[in-house]
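Asks: For reference, the structure I am asking about is given below.
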Amino acid sequence: MKNRPLVAVLQFPGSNCEYETASVVRESGMDSLIFRWNQWKELSDSAPDAFILPGGFAFQDRVRAGTVAAKEEIMDLVFNQAQSGKPVLGICNGAQILVESGLVPGWENGRIESALAANHIHGRSGYLSRWVFLRAKKRALRVSPWLGMIGNSAIPVPIAHAEGRFVFAEEDLHRVSKCAALVYCDENGVETADYPVNPNGSFMNLAGIMNKEGNVLALMPHPERAFWMWQIPPWVPGVWGDRRTSLNHDPALAVEKGPGELFFRSLAGYFGLLSREEV
Amino acid sequence: MTEVSIAVRLKAPDPAAMTALSTLKRINPATCPCSLERYDYWRFIKPGGGKVTVEKIVSHFHDIVNPNKQSWSFSDESGSLHSWDEELVWTEVLVTDKVDSISENWTEILRRNKYEVERVMYSVLWRLGFPSGTSIADARERTLALTVTSHRDHGLLANPISQNISLLDPV
Chain A
228 MKNRPLVAVL QFPGSNCEYE TASVVRESGM DSLIFRWNQW KELSDSAPDA
278 FILPGGFAFQ DRVRAGTVAA KEEIMDLVFN QAQSGKPVLG ICNGAQILVE
328 SGLVPGWENG RIESALAANH IHGRSGYLSR WVFLRAKKRA LRVSPWLGMI
378 GNSAIPVPIA HAEGRFVFAE EDLHRVSKCA ALVYCDENGV ETADYPVNPN
428 GSFMNLAGIM NKEGNVLALM PHPERAFWMW QIPPWVPGVW GDRRTSLNHD
478 PALAVEKGPG ELFFRSLAGY FGLLSREEV
Chain B
52 MTEVSIAVRL KAPDPAAMTA LSTLKRINPA TCPCSLERYD YWRFIKPGGG
102 KVTVEKIVSH FHDIVNPNKQ SWSFSDESGS LHSWDEELVW TEVLVTDKVD
152 SISENWTEIL RRNKYEVERV MYSVLWRLGF PSGTSIADAR ERTLALTVTS
202 HRDHGLLANP ISQNISLLDP V
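Protein chains in written order, with this note's numbering: chain A, 228 to 506; chain B, 52 to 222.
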């Protein structure tokens, strides 16, 4: 008998963010367990309420980032659970796995309809580790269990990837806007297609895409690395950076939540764990 | 000479090729190859000085060929590099990123270093060895099916949304 919703965090050989991801899920009022890629039965028996594919380098990015993990048997289970409406979040390498699994954009079941290509934008290519700003799209705020609490303003979250540029087939471009969940923007929420606001040349400045139902979200930035206010650098512009600066030398810095927490609080709200005031 | 190509491979077994082969065996046991090899494949477009220039580049830049762990050969001089198993029917497929910063960066590096090369193009070359008795046509058909990732259950070696795929002429 579960007291709290269980969020399964999947660990592939080469995942490296599973422990902090599981930790922030627990900090958000839910249970979390880490399941290895070969614990198909244990995962199935646990009947998780949601799934997270954390960041890292699953299978050392061999062949292509995310593609070998996407073929693992455990992803069949995730695929079926996603089809039944359970929330699924892929962070960074997890997003690459979701794309290579055909779970997002998911216009046609299991069809590979997108790629996370190597970063490529005028002024920058290759691996990129920096803070960026994100803004959620209106429909995504409404339908995604991961975004309900994000609100309309820009939030700072770090990225760390070499292959984060969402691309699509020419014949699908007309429907990409429907899967747009989060876009890169400046601290005022204004989108531009130029580096560094769009850090990797992603189509339509996309930082995250979702399936048509909204329950599966593939997200390149790392919200678990912006969960606590102490994780935010004071020099980040905007209200979050100002708040961080104001907490310098304040004991509250150790416990105050940061912008990344909004993703996990959204899920807690989706499961009905928040009071009316918190919502 | 309009183009000189080289193929570079690890002296030790290639872990990416081993992982790819074990994955293919699991997801497509009926059509899977017996052997799979992976090479870095570099095309030097319009090299002034032809192969001599390319040899100089290879010996100068250990990021292209690290002699401690890799071996290489010109692609038109096969045999020295390939583990030719005469019992198998071999196919070759070239996978190239549609937008490729590796190629762009190396073109710029060679230009800065005064090498006479118009352009460098980087790809991954996969060689698939099928059981003897497999017809060339069947081997080529299987190669494409195993390469082009069109569906979560089909293909592995390339994502056609972001990569170009060229099946090379029969070996």
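Note that beta-carbon positions come from the ideal geometry of N, C-alpha and C, so glycine has one too.
Which residues mark the beginning and the end of the beta strand (DSSP E) in which Val59 (chain B) is found?
Replies: 54–61
Asks: If you run the structure through DSSP and keep just helix, strand and coil, what is Trp264 (chain A)?
Replies: coil
Asks: Kindly indicate if chain B contains any beta-carbon less than 8 angstroms away from that of Arg291 (chain A).
Replies: yes
Asks: The beta strand (DSSP E) with Ile386 (chain A) in it runs from where to where?
Replies: 382–388
Asks: Residues of the region 185–211 of chain B in Cβ contact with chain A at a cutoff of 7 angstroms, in chain order, please.
Replies: Correct list: Thr200, Ser201, His202, Arg203, Asp204, Leu207, Leu208, Asn210.
Asks: Note the first and the last residue of the continuous beta strand (DSSP E) segment covering Asn79 (chain B).
Replies: Premise fails: Asn79 (chain B) is in no beta strand (DSSP E) and is neither H nor E.
Asks: Quick check: the Cα distance between Val168 (chain A) and Ser371 (chain A), rounded to an integer number of angstroms?
Replies: Residue 168 (chain A) cannot be examined here, being either before or after the span of chain A that is shown, 228 to 506.
Asks: Would you report the Cα separation of Phe286 (chain A) and Arg503 (chain A), rounded to the nearest angstrom?
Replies: 43 angstroms
Asks: So who's on the other strand from Pro240 (chain A), going by DSSP bridges?
Replies: Paired residues: none, contrary to the question.
Asks: Could you confirm whether any beta carbon from chain A is found closer than 8 angstroms to the beta carbon of Asp148 (chain B)?
Replies: yes
Asks: If I'm right that Arg178 (chain B) touches Trp141 (chain B) with Cβ under 8 angstroms, what's the distance once you round it to whole angstroms?
Replies: 6 angstroms
Asks: In chain D, which residues lie with their C-beta within 8 angstroms of the C-beta of Pro66 (chain B)?
Replies: As a matter of chain content, chain D is missing from the structure shown, whose protein chains are A and B.
Asks: Pairing CB atoms from the region 398–418 of chain A with CB atoms from the region 319–338 of chain A, are three or more of them under 8 angstroms?
Replies: yes
Asks: What residues from the region 53–82 of chain B come within 8 angstroms of chain A, judged by C-beta to C-beta, listed N to C?
Replies: Pro66, Ala67, Thr70, Ala71, Thr74, Arg77, Ile78
Asks: Return the Cβ separation of Ile216 (chain B) and Ser341 (chain A) in integer angstroms, given the expectation that the two are a contact with Cβ distance under 8 angstroms.
Replies: Not confirmed; about 17 angstroms, so no contact.
Asks: At which residue ranges does the region 251–330 of chain A contain complete alpha helix (DSSP H) runs of 4 or more residues, listed in the order of the chain?
Replies: 267–273, 294–297, 300–310, 320–328
Asks: Is there a Cβ of chain B sitting closer than 8 angstroms to that of Ile386 (chain A), yes or no?
Replies: no
Asks: Report the rounded CA-to-CA distance for Ala209 (chain B) versus Glu327 (chain A), giving the unit in angstroms.
Replies: Taking the straight line from one Cα to the other gives about 10 angstroms.
Asks: Output, in chain order, the set of chain A residues within a Cβ distance shorter than 9 angstroms of Asn156 (chain B).
Replies: Ser352, Gly353
Asks: Can at least three beta-carbon pairs, one atom from the region 296–306 of chain A and one from the region 418–435 of chain A, be found at a separation below 8 angstroms?
Replies: no
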